[in-house]
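Chemist:
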Amino acid sequence: MSATAPQESPATAALISQLTPALRMAGMGAWMVDFEHAEVSFDPLLLELLGAEPTDTLRLSAAAWQALVHPDDAERQREHWDQCLRGERDEYIMEYRLRRRDGQWLCCLFRARVQSRSPQGLARGLVGTYRECADGQRKHDNL
Numbered sequence: 354m355s356a357t358a359p360q361e362s363p364a365t366a367a368l369i370s371q372l373t374p375a376l377r378m379a380g381m382g383a384w385m386v387d388f389e390h391a392e393v394s395f396d397p398l399l400l401e402l403l404g405a406e407p408t409d410t411l412r413l414s415a416a417a418w419q420a421l422v423h424p425d426d427a428e429r430q431r432e433h434w435d436q437c438l439r440g441e442r443d444e445y446i447m448e449y450r451l452r453r454r455d456g457q458w459l460c461c462l463f464r465a466r467v468q469s470r471s472p473q474g475l476a477r478g479l480v481g482t483y484r485e486c487a488d489g490q491r492k493h494d495n496l
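Counting in our numbering, the sequence shown runs from 354 upward without gaps.
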């Protein structure tokens, strides 16, 4: 990720369009955290899982994303982000709940990897996948 707003090249767009059906077949989606611009981007599958409208945005501010995180998961989720940002870890593997439009909670397993770091060692962003937790794998009840 560069210091300017991220631009999607034609090659990147083509790769994403090819990978999206494969991820869906595996029951997964793609997401990205841009620490430099404090944004979270994700594919349309997550909108569907959250009960959002297809016309809703595929990019949220980091604060708006964190507002979706269940209160019991929020501190742990922020700490993992901060550890990646500070250079204490390169992998982000975390299960937490997001609030759906209907008020129910969606449990997802998020996996991502730091893609690059600044000269000061700060992560520029995370890129990874997510999947809905299977009923037997949920660590928390759907409150």
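Positions of the beta carbon are idealized from the N, C-alpha and C atoms, including for glycine.
Per DSSP, which residues does G481 bridge with? Please list them.
Modeler: W384, A465
Chemist: Can you grab the Cα-Cα spacing for the pair E392 / A417, in whole Å?
Modeler: 9 Å
Chemist: Please classify R450 as buried or exposed, where buried requires at least 16 other C-beta atoms within 10 Å of its C-beta.
Modeler: buried
Chemist: Within this structure, are the beta carbons of Q419 and A427 separated by less than 8 Å?
Modeler: yes
Chemist: For G474, I'd like the list of residues in its chain whose CB is within less than 7 Å of its CB, leaving aside the five on either flank, ordered along the chain.
Modeler: If we look at G474 and ignore the five residues flanking it on each side, its Cβ neighbours are G440.
Chemist: Tell me the rounded alpha-carbon separation between G481 and A415.
Modeler: 16 Å
Chemist: Using the C-alpha atoms, what's the distance from L479 back to Q499?
Modeler: Missing from the structure shown is residue 499; the chain here goes from 354 to 496 and no further.
Chemist: Flag this pair as yes or no: are the beta carbons of M378 and Y483 separated by less than 8 Å?
Modeler: Between M378 and Y483, the CB-CB gap reaches or exceeds 8 Å.
Chemist: Just to confirm the assignment, what range does the beta strand (DSSP E) spanning R412 have?
Modeler: 412-414
Chemist: How big is the Cα-Cα spacing for L411 and F388?
Modeler: Computed Cα separation, rounded: 16 Å.
Chemist: Is E401 helix, strand or coil by DSSP?
Modeler: In the three-state DSSP reduction, E401 falls in the helix class (H, G or I).
Chemist: Can you tell me which of L421, L438, A405 puts its alpha carbon nearest to the alpha carbon of V386?
Modeler: L438
Chemist: Measure the CB-CB distance between Y445 and R464 and report whether it falls below 8 Å.
Modeler: yes
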